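**Q** Note that the numbering used here has the sequence shown beginning at 1, numbered continuously upward. By construction, the Cβ of each residue, glycine as well, lies at the ideal position given by its N, Cα and C atoms. Treat the numbers as computed from the prediction; the structure is a model and nothing was measured.
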Amino acid sequence: AGAPRARRPLLYGQLIIMVVYLPVFALTGVEGKMFHPMAFTVVAALLGAMLLSLTFVPAAIAQFMTARVAEHENRVMAAARRAYAPLLRHALDNRAFVAVAAALLVALSGLLATRMGSEFVPSLDEGDIALHALRIPGTSLTQAVEMQQQLERTIAAFPEVDKVFAKLGTAEVATDPMPPNVADNFVMLKPRSQWPDPSRPKDDLVRAMQEAVERVPGNNYEFTQPIQMRFNELISGVRSDVAVKVFGDDMAVMEAHAGRIAAVLQAVPGAADVKVEQTTGLPVLTIRIDRAKAARYGLNLADVQETVAAALGGREAGSVYEGDRRFDIVVRLPDDLRADAAALARLPIRLPATGGAPAWLTLQEVAGIESAPGPNQVSRESGKRRVVVTANVRGRDIGSFVAEARARLDSAAPAPAGYWVTWGGTFEQLQSAAQRLQVVVPLSLALVFLLLFMMFGQLRDGLLVFSGVPFALTGGLLALWLRGIPLSISAAVGFIALSGVAVLNGLVMISFIRGLRDEGLALADAVWQGALTRLRPVLMTALVASLGFVPMALATGTGAEVQRPLATVVIGGILSSTLLTLLVLPVLYQWAHRREAGGVKASLVSVHEPAHSS
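Following this line, the structure appears as structure tokens:
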């Protein structure tokens with residue numbers, strides 16, 4: 001007889017929790033790969049549990065529990081009931097105060113959410129350090145190796161460092177092309193037990209390293225972590241946390257504006273490793289042919305250009321055969337002469353034949369030769385030229401950093417006419433995921449409300465149960481604020497999971513109260529007895545769900561940073577949701593149904609003297 005009675009709330013409760021996880025499946029990219037397995041596991045487990053509860057469990061009870069089971073209340077639950085009864089009585093006697101206090105708490109939590117920071121995913125402590133070194137464009141491989149060795153000796157001098165190795169320039173098979181002036185350094189740290197001061201924060205060690213390597217000339221540095229560096233580069237195209245992209249046509253204007261942006265970012269609290277993309281500085285040998293002088297000697301541009309091209313680029317002069325293989329012979333000036341502007345100035349240019357002996361003149365007589373910095377690279381995105389200003393964020397969340405930086409840039413460094421600025425990095429991924437959740441989460445909650453409406457057959461009770469969602473979010477936000485954790489995609493997944501538990505608790509309470517009223521109990525009696533009777537399942541649901549997340553909330557190992565916001569949200573939200581279910585929900589139910597069964601006044605007497613024993 002119990003199975004049919006429990007089947008309807010059971011089915012709807014399981015369906016609601018499954019629907020709540022739909023937004024997680026809508027996540028794409030990195031965040032989707034992180035949380036899809038969790039959502040799939042929860043949904044699969046719920047499907048299995050629902051199937052067993054409707055088939056195996058009733059059959060097993062009928063088979064093995066033939067005698068009547070005596071119900072006993074243990075001391076813990078008896079004490080909880082004794083503590084809960086006066087609180088419930090006080091809440092029912094002061095319905096207006098309880099309802100207003102709950103509404104104010106929800107409003108204050110909403111205000112708190114607007115003042116909390118945000119980030120894409122929490123930064124993991126990988127245990128090691130990555131150092132991105134940038135040198136002057138045009139630095140030769142020999143010079144870069146010498147500078148790299150000096151840099152590695154400086155880092156290896158720290159007693160916390162186990163080993164240092166680097167990747168310099170481009171490999172033969174270039175899946176990650178880099179010029180010789182760029183190096184990726186990987187600093188492997190010793191176990192903390194072997195540090196001179198095991199309690200020394202890693203950020204303090206990074207600052208000390210940064211001060212030490214700044215004394216190595218000819219380098220710019222960017223400190224990060226090995227996986228984080230590749231993670232940022234793969235998802236956003238830059239290796240830093242935040243990127244400001246300047247788009248336009250004139251590279252000189254873009255470079256100047258990027259410099260102004262870098263100066264503004266440098267002054268924002270939390271900014272570190274602020275760098276402008278190296279678009280200039282590559283030494284370029286420029287040969288400018290004087291048309292008038294060339295014409296005076298009977299030369300045209302093609303004659304001069306052909307001679308210069310042969311001297312610098314080479315000209316095919318024959319072939320060499322080794323068996324079946326053929327090799328071209330290319331003749332050109334030696335490397336030392338090709339790199340010497342004075343030697344090139346003396347390059348002989350043959351004059352047109354005039355019938356006598358061949359005549360020659362030097363290149364400097366018809367052209368100007370100079371070595372000056374030129375373009376290092378011209379990056380494009382969506383077909384437009386782009387210059388990037390990058391920065392890492394330390395000591396604060398990315399969301400508040402970008403908000404402050406945007407405000408400062410708008411006032412201190414507005415973009416010139418015809419040029420525009422966009423923001424990238426992990427902040428771009430945070431915006432993308434947030435925009436997707438802003439669409440999917442309301443649709444999911446609307447579907448949850450539709451299921452509640454189908455369950456109760458009326459709008460009023462569905463709204464009462466649905467009120468558990470904002471109150472649960474209140475506890476989650478407060479828990480994040482108390483622990484100093486910013487909002488993130490990990491916390492958002494925690495809020496999604498929390499919504500299902502909050503609705504389920506309210507569903508259990510309201511369903512039982514409605515059942516008591518269907519049996520003929522007065523409104524106040526049904527609310528009183530239903531709340532006291534449902535105390536144990538509500539508390540058990542809260543304890544099981546919250547205690548399971550305690551290890552995640554307190555973990556300190558590798559990867560704990562991602563789990564901590566999710567667990568904190570769930571634990572804090574379950575606590576506030578439990579308070580709602582036990583104290584606020586009975587008050588709201590009695591107020592919503594006050595016009596039934598003779599009104600509230602007719603049933604208030606039974607709050608203090610219930611007609612049926614609880």
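Out of ASP335, LEU189, GLY318, THR139, point me to the one whose CA is closest to PHE327's CA.
**A** As a position in the sequence shown, residue 327 is number 327, starting the count at 1. Out of ASP335, LEU189, GLY318, THR139, GLY318 has the C-alpha closest to the C-alpha of PHE327.
**Q** Which same chain residues, not among the five before or five after ALA262, have their C-beta less than 6 Å away from its C-beta?
**A** One-based indexing of the sequence shown puts residue 262 at position 262. VAL274, VAL276, VAL389, listed in sequence order.
**Q** Does the Cβ of THR55 have 16 or more other Cβ atoms within 10 Å, making it buried, or fewer, making it exposed?
**A** The count along the sequence shown starts at 1 and reaches residue 55 at position 55. Exposed.
**Q** Count the C-beta pairs between the stretch 356 to 371 and the stretch 284 to 291 that are closer than 8 Å, then say yes if the count reaches three, no if not.
**A** A contact exists between the stretch 356 to 371 and the stretch 284 to 291.
**Q** Identify which residue in SER546, LYS384, VAL439, LEU451 has its Cα closest to the Cα of ALA420.
**A** Residue mapping note: residue 420 aligns to position 420 of the sequence shown, counting from 1. The question names Ala, yet the displayed sequence has Trp at residue 420. For the residues SER546, LYS384, VAL439, LEU451, the minimum Cα distance to TRP420 belongs to LYS384.
**Q** If we count the other Cβ atoms within 10 Å of its Cβ and call it buried at 16 or more, is LYS163 buried or exposed?
**A** Locating residue 163 in the sequence shown gives position 163, where the first residue counts as 1. Per the 10 Å Cβ criterion, exposed.
**Q** Pair every Cβ in the stretch 532 to 539 with every Cβ in the stretch 488 to 495, then say whether three or more of these pairs are closer than 8 Å.
**A** At 8 Å Cβ cutoff, the stretches do not touch.
**Q** Keeping to the same chain, check which residues put their C-beta closer than 7 Å to that of ALA26; ignore five residues upstream and five downstream.
**A** Looking up residue 26 in the sequence shown gives position 26. Excluding sequence neighbours, ALA26 sits near ARG436, VAL440.
**Q** Should PHE97 be labelled buried (16 or more other beta-carbon atoms within 10 Å of its own) or exposed?
**A** For this step, residue 97 is matched to residue 97 along the sequence shown. Under this definition PHE97 is an exposed residue.
**Q** Per the contact definition of three or more C-beta pairs closer than 8 Å, is the stretch 494 to 502 in contact with the stretch 570 to 583?
**A** Yes, the stretch 570 to 583 touches the stretch 494 to 502.
**Q** My output table needs one value for SER140: the three-state DSSP class, helix, strand or coil.
**A** Counted from its first residue, the sequence shown places residue 140 at position 140. Three-state DSSP puts SER140 in coil, outside helix and strand.
**Q** What is the residue span of the beta strand (DSSP E) that PRO375 lies within?
**A** As a first step, residue 375 must be located in the sequence shown, where it is residue number 375. Here the beta strand (DSSP E) through PRO375 covers 367 to 375.
**Q** With DSSP as the reference, identify every bridge partner of ALA271, one or two as the case may be.
**A** Position 271 of the sequence shown holds residue 271. Note: ALA271 sits in a beta bridge opposite VAL393.
**Q** Do the stretch 95 to 109 and the stretch 195 to 205 meet, that is, are 3 or more Cβ pairs less than 8 Å apart?
**A** Output reads no: the stretch 195 to 205 does not touch the stretch 95 to 109.
**Q** CA-CA distance, ALA524 and ALA434?
**A** Counting from one through the sequence shown, the residue named residue 524 turns up at place 524. Counting from one through the sequence shown, the residue named residue 434 turns up at place 434. The alpha-carbon atoms of ALA524 and ALA434 are separated by roughly 44 Å.
**Q** Can you tell me the Cα-Cα spacing of ARG82 and GLY530, whole angstroms?
**A** As a first step, residue 82 must be located in the sequence shown, where it is residue number 82. As a first step, residue 530 must be located in the sequence shown, where it is residue number 530. Spanning the two alpha carbons is a distance of roughly 15 Å.
**Q** Report the rounded CA-to-CA distance for GLN150 versus PRO269, giving the unit in angstroms.
**A** Taking the first residue of the sequence shown as position 1, residue 150 is located at position 150. Taking the first residue of the sequence shown as position 1, residue 269 is located at position 269. Straight-line Cα distance between these residues: approximately 31 Å.
**Q** Does the contact criterion of 3 or more C-beta pairs under 8 Å hold for the stretch 400 to 407 versus the stretch 448 to 465?
**A** The stretch 400 to 407 is not in contact with the stretch 448 to 465.
**Q** Using C-beta distances below 8 Å, list every residue in its chain close to GLN629, excluding the 5 sequence neighbours before and after it, in chain order.
**A** With the chain covering 1 to 614 only, the question about residue 629 has no answer from this structure.
**Q** Taking 8 Å as the cut-off, decide whether the C-beta atoms of ALA39 and VAL24 are in contact.
**A** If you number the sequence shown from 1, residue 39 lands on position 39. If you number the sequence shown from 1, residue 24 lands on position 24. Yes. Within cutoff.
**Q** So what does DSSP say about ASP162, is it helix, strand or coil?
**A** Walking along the sequence shown from the start, residue 162 turns up at place 162. Of the three classes helix, strand and coil, the one that applies to ASP162 here is strand, per DSSP.
**Q** Secondary structure at GLY424, three-state DSSP: helix, strand or coil?
**A** Walking along the sequence shown from the start, residue 424 turns up at place 424. Strand, per DSSP.
**Q** Look at the alpha carbon of VAL238 and the alpha carbon of VAL19, and state the distance between them as a whole number of angstroms.
**A** Locating residue 238 in the sequence shown gives position 238, where the first residue counts as 1. Locating residue 19 in the sequence shown gives position 19, where the first residue counts as 1. Answer to the nearest angstrom: the Cα atoms are 36 Å apart.
**Q** Answer with buried or exposed for SER379, where buried requires no fewer than 16 other C-beta atoms within 10 angstroms of its C-beta.
**A** Against the sequence shown, residue 379 aligns to sequence position 379. Label assigned to SER379: exposed.
**Q** Does the separation of the CB atoms of VAL503 and PHE466 fall below 8 Å?
**A** For the purposes of this step, residue 503 is taken as residue 503 along the sequence shown, with counting starting at 1. For the purposes of this step, residue 466 is taken as residue 466 along the sequence shown, with counting starting at 1. Yes, they are a contact pair.
**Q** Tell me the rounded alpha-carbon separation between THR307 and ALA294.
**A** Within the sequence shown, residue 307 is the residue found at index 307, counting from 1. Within the sequence shown, residue 294 is the residue found at index 294, counting from 1. Using only the alpha carbons, I get a separation of about 13 Å.
**Q** Rounded to a whole number of angstroms, what is the C-alpha to C-alpha distance between LEU205 and LEU480?
**A** Here residue 205 refers to the residue found at position 205 when the sequence shown is read from its first residue. Here residue 480 refers to the residue found at position 480 when the sequence shown is read from its first residue. So the alpha carbons of these two residues sit roughly 28 Å apart.
**Q** Would you report the Cα separation of PRO37 and GLY506, rounded to the nearest angstrom?
**A** Position 37 of the sequence shown, counted from the first residue, corresponds to residue 37. Position 506 of the sequence shown, counted from the first residue, corresponds to residue 506. Roughly 28 Å between the two C-alpha positions.
**Q** Does the Cβ-Cβ distance between LEU189 and ASP128 come in under 8 Å?
**A** For this step, residue 189 is matched to residue 189 along the sequence shown. For this step, residue 128 is matched to residue 128 along the sequence shown. Contact: yes.
**Q** Got a sec, what are the start and stop residues for the alpha helix (DSSP H) GLU211 sits in?
**A** What you label residue 211 is simply residue 211 of the sequence shown in a count that begins at 1. It spans 202 to 213 - the alpha helix (DSSP H) in which GLU211 sits, taken as one unbroken run.
**Q** Would ASN94 be called buried (16 or more neighbouring beta carbons within 10 Å of its own) or exposed?
**A** As a first step, residue 94 is located in the sequence shown; it is residue number 94 there, counting from the start. ASN94 should be labelled exposed.
**Q** Whole angstroms are fine: how far does the CA of ALA345 sit from the CA of VAL244?
**A** For the purposes of this step, residue 244 is taken as the residue at position 244 of the sequence shown. For the purposes of this step, residue 345 is taken as the residue at position 345 of the sequence shown. Roughly 43 Å separates the two Cα atoms.
**Q** Any contact between the stretch 584 to 597 and the stretch 511 to 524? By contact I mean 3 or more CB pairs, one from each, below 8 Å.
**A** Flag = yes, the stretch 584 to 597 and the stretch 511 to 524 touch.
**Q** Anyone know if the C-beta pair for ALA203 and HIS132 falls short of 8 Å?
**A** As a first step, residue 203 is located in the sequence shown; it is residue number 203 there, counting from the start. As a first step, residue 132 is located in the sequence shown; it is residue number 132 there, counting from the start. The question names Ala, yet the displayed sequence has Asp at residue 203. No, the Cβ-Cβ distance between ASP203 and HIS132 is not below 8 Å.
**Q** Just to confirm my understanding: we take LEU604, look at its own chain, exclude 5 residues before and 5 after, and list those with CB closer than 7 Å. What are they?
**A** Locating residue 604 in the sequence shown gives position 604, where the first residue counts as 1. Reliability fails at LEU604, whose pLDDT of 40 lies under 50, so the model's placement of it is uncertain and the value that follows must be treated cautiously. Closer than 7 Å at Cβ, skipping near neighbours: ALA524.
**Q** Roughly how many angstroms separate the alpha carbons of SER411 and VAL264, rounded to a whole number?
**A** By 1-based counting over the sequence shown, the position of residue 411 is 411. By 1-based counting over the sequence shown, the position of residue 264 is 264. Approximately 10 Å, taken between the alpha carbons.
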